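Peer 1: Take the sequence shown: its letters are residues 7 to 458, numbered as in this note's numbering.
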Amino acid sequence: MDQAELQRSGTLTELPSMDQLWMPFTANRQFKASPRLLVSASGMYYRSHDGRQILDGTAGLWCVNAGHGRQEISAAIAYQAQEMDYAPPFQMGHPIQFEAANLLADIAPADLKKVFFTNSGSESVDSALKIALAYHRARGDGTRTLFIGRERGYHGVGFGGISVGGMVANRKVFRGSLLPNVDHLPHTYSAEHQAFSRGIPEWGAHLADDLERIVALHDASNIAAVIVEPVAGSTGVLVPPKGYLERLRAICDKHGILLIFDEVITGYGRLGTPFAAQYFKVTPDIITTAKAVNNAAVPMGAVFVRNGIFDTVVNGSPEGAVELFHGYTYSGHPLAMAAAVAAQKIYKRENLLTRVHDEGISHYWQEALHALSDVRHVKDLRNLGLIGAIELESRPGAVGKRAYEAFVASYARGLLVRYTGDTIALSPPLIIERGQIDQIMSTLRDVLRTLD
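1) Can the beta-carbon of G49 be found less than 8 Å from the beta-carbon of H74?
2) Give me the residue from F286, V328, Y334 and I315 with the minimum Cα distance to P305.
3) Find out if the Cβ-Cβ distance for the pair Y141, I315 is shorter than 8 Å.
4) Let me check one thing: in DSSP terms, what residues is S238 bridge-paired to?
5) Return the residue from the list G57, I83 and D147 that minimises the CA-CA distance to H339.
6) Taking DSSP as the reference, what is the three-state secondary structure of Q13?
7) Can you list, in chain order, the residues of its chain whose CB lies under 6 Å from that of A175, leaving out five sequence neighbours each side?
8) Have a look at A114 and P280 and give me their C-alpha separation to the nearest angstrom.
9) Which of the three DSSP states, helix, strand or coil, is assigned to V221?
10) So if DSSP puts S48 in a beta bridge, which residue, or which two residues, is it bridged to?
11) Beta carbon of W68, beta carbon of K297: below 8 Å?
12) Please classify E439 as buried or exposed, where buried requires at least 16 other C-beta atoms within 10 Å of its C-beta.
13) CA-CA distance, T272 and D259?
14) Using the three-state DSSP reduction, which class does M7 fall into: helix, strand or coil?
15) Between which two residues does the alpha helix (DSSP H) carrying A82 extend?
16) Looking only at its chain, what residues have a beta carbon closer than 7 Å to the beta carbon of A346, apart from the 5 residues adjacent to it on each side?
17) Which residues in the same chain as I257 place their Cβ atom closer than 8 Å to its Cβ, once the five residues preceding and following it in sequence are excluded?
18) Decide if K354 is buried, meaning its Cβ has at least 16 other Cβ atoms within 10 Å, or exposed.
19) Applying the 10 Å Cβ sphere with the 16-neighbour rule, what's the burial state of M447?
20) At which residue ranges does the region 394-440 contain complete alpha helix (DSSP H) runs of 4 or more residues, listed in the order of the chain?
21) Does the region 224-236 touch the region 135-150, meaning 3 or more C-beta pairs lie closer than 8 Å?
22) Considering only the beta carbon of each residue, do L387 and L378 sit closer than 8 Å?
23) Apply the 10 Å Cβ neighbour rule to S40 and answer buried if 16 or more other Cβ atoms are within range, or exposed otherwise.
24) With a CB to CB cut of under 6 Å and the five nearest residues on each side skipped, what residues in its chain are close to V309?
25) Quickly, what does DSSP pair I154 with across the bridge? List them, please.
26) Using the Cβ count rule (16 or more neighbours within 10 Å means buried), how would you classify Q26?
27) Along the chain, where does the beta strand (DSSP E) containing F267 start, and where does it finish?
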């Protein structure tokens with residue numbers, strides 16, 4: 007039996023050589039000394055190389071919202087690969103990319119009905135930043151070139167995204183080559199005032215007012231856009247305080263600054279609405295997405311843009327001229343588009359974009375998560391929609407060690423979680439049932455009790 011057949015059977019008797027692969031965001035030496043390989047997936051579960059069933063507590067990487075192994079999606083990809091494997095995206099098109107854009111526009115908030123396709127969240131962010139610059143230039147405001155991000159923000163790994171992002175470990179090696187015209191808002195988390203909040207914290211809306219200080223420092227005429235995650239995910243799930251996003255919106259409106267929501271994590275039902283913008287009832291000018299746009303079946307991202315921004319850029323260019331000198335070889339790739347159309351139809355048919363709210367899953371999730379408040383080492387619990395975080399007390403001189411051990415021990419017990427620093431992050435597929443929520447929390451309770 008060859009490796010492919012062994013993988014289909016759910017067991018690998020001989021591991022492949024790991025010497026050649028440089029793994030991303032991974033402690034390579036540590037991983038290769040004791041590898042964790044996933045060989046198949048279905049529904050809520052992965053199967054490991056040693057034949058064990060692993061409950062997916064992270065929807066892969068915040069992205070497999072409809073669960074694994076959806077036959078409609080794989081069939082759509084297979085059909086498209088046979089029908090037409092690739093089409094050039096520059097000065098050419100193919101029908102399914104327009105179908106995908108129309109389906110996405112149907113669920114977009116307000117008038118964010120123009121869709122630009124990318125291949126990842128990182129590309130979506132860089133595209134959004136470029137679109138913001140192009141918009142201001144087209145309307146005669148070419149001095150608006152400065153971007154404002156936020157501390158502890160994550161906006162992918164392109165140089166633009168790292169520049170507006172605020173995660174120190176992602177920035178420090180590349181600091182000398184980041185975009186120069188960037189400033190940062192303070193992050194929104196306070197353990198003193200927000201610890202163990204259920205859902206949206208009451209304290210902290212005033213933190214948005216620091217934007218006025220930054221505007222006064224740089225002058226509004228030089229600022230292109232503010233970019234924030236509605237819920238900061240990769241830094242450890244930081245839920246915005248009540249009224250915070252509304253205040254950001256008001257200040258941006260006051261000074262003619264675009265507001266960009268990075269919804270690579272929160273998009274496509276994670277909070278119980280199609281987008282976080284609809285959950286918070288705050289409409290930005292641009293939304294960046296990726297991950298769950300096509301259930302992560304093929305690399306893909308999508309940027310949603312206000313109609314007025316599109317019209318300004320397009321109508322401000324001479325007839326027959328390229329209006330935006332930006333795009334990717336794989337923008338609107340036929341296989342990615344086929345997966346997106348199939349995934350969006352599943353989301354609509356199964357009401358997955360609103361299920362977390364409509365069926366009370368988010369409330370059940372919240373109560374189950376906060377039941378862990380009495381477990382030792384638990385420093386804070388945070389949640390919103392179907393997102394959760396368990397922040398652990400750090401060991402002196404060994405930040406992240408305890409959460410890593412919890413991650414490994416959970417996997418050994420058949421549960422996949424994520425960790426960042428000493429925070430365990432949870433974001434299971436939206437098809438999760440209450441019994442599986444109980445299993446996640448029970449496993450974590452048992453794991454945490456074993457840690458010193």
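Built from N, CA and C at the ideal position, the CB exists for glycine as well.
None of these values were measured; they are calculated from a predicted model.
Peer 2: Considering the structure as presented:
1) Yes.
2) When each option's Cα is compared against that of P305, the closest is Y334.
3) Cβ atoms of Y141 and I315: closer than 8 Å.
4) First, the residue type needs correcting, since residue 238 is Ala and not Ser in the sequence shown. DSSP output for A238 lists L244 as bridge partner(s).
5) Of the candidates G57, I83 and D147, the one whose C-alpha sits nearest the C-alpha of H339 is I83.
6) Residue confidence for Q13 is low, a pLDDT of 49 falling below 50, so the modelled location carries little weight; the figure read from the coordinates is stated next. The answer is helix: DSSP assigns Q13 an H, G or I state.
7) Cβ neighbours of A175 beyond the five flanking positions: none.
8) Between A114 and P280, the alpha-carbon positions lie close to 7 Å from each other.
9) In this structure, V221 counts as helix in the three-state DSSP scheme.
10) DSSP, once it has assigned bridges, lists Y51 as partnering S48.
11) With a cutoff of 8 Å on beta-carbon distance, W68 and K297 are scored as near each other.
12) Exposed: under 16 other Cβ atoms inside 10 Å.
13) When rounded, the separation of the alpha-carbon atoms in T272 and D259 is 23 Å.
14) Here M7 scores only 37 on pLDDT, less than 50, and its place in the model should not be relied on; the value that follows carries that caveat. Judged by DSSP in its simplified three-state form, M7 adopts coil rather than helix or strand.
15) It spans Q77 to E89 - the alpha helix (DSSP H) in which A82 sits, taken as one unbroken run.
16) A106, V299, N300 and M306.
17) Result list for I257: A214, D215, L217, E218, V221 and I263, in chain order.
18) That one is exposed.
19) With 16 or more other Cβ atoms within 10 Å, it is buried.
20) Fully enclosed alpha helix (DSSP H) runs of no fewer than 4 residues occupy 407-418 of the region 394-440, in order along the chain.
21) With a cut-off of 8 Å, the region 224-236 and the region 135-150 count as touching, because enough Cβ pairs lie within range.
22) For the 8 Å CB-CB criterion, L387 and L378 form a contact.
23) Exposed: under 16 other Cβ atoms inside 10 Å.
24) Closer than 6 Å at the Cβ level, and outside the excluded window around V309, lie F122, S130, S133, A134 and T294.
25) Note: I154 sits in a beta bridge opposite D189 and V232.
26) Counting Cβ neighbours within 10 Å, Q26 comes out exposed, since fewer than 16 surround it.
27) In the DSSP assignment, F267 falls within the beta strand (DSSP E) that extends over L264 to D268.
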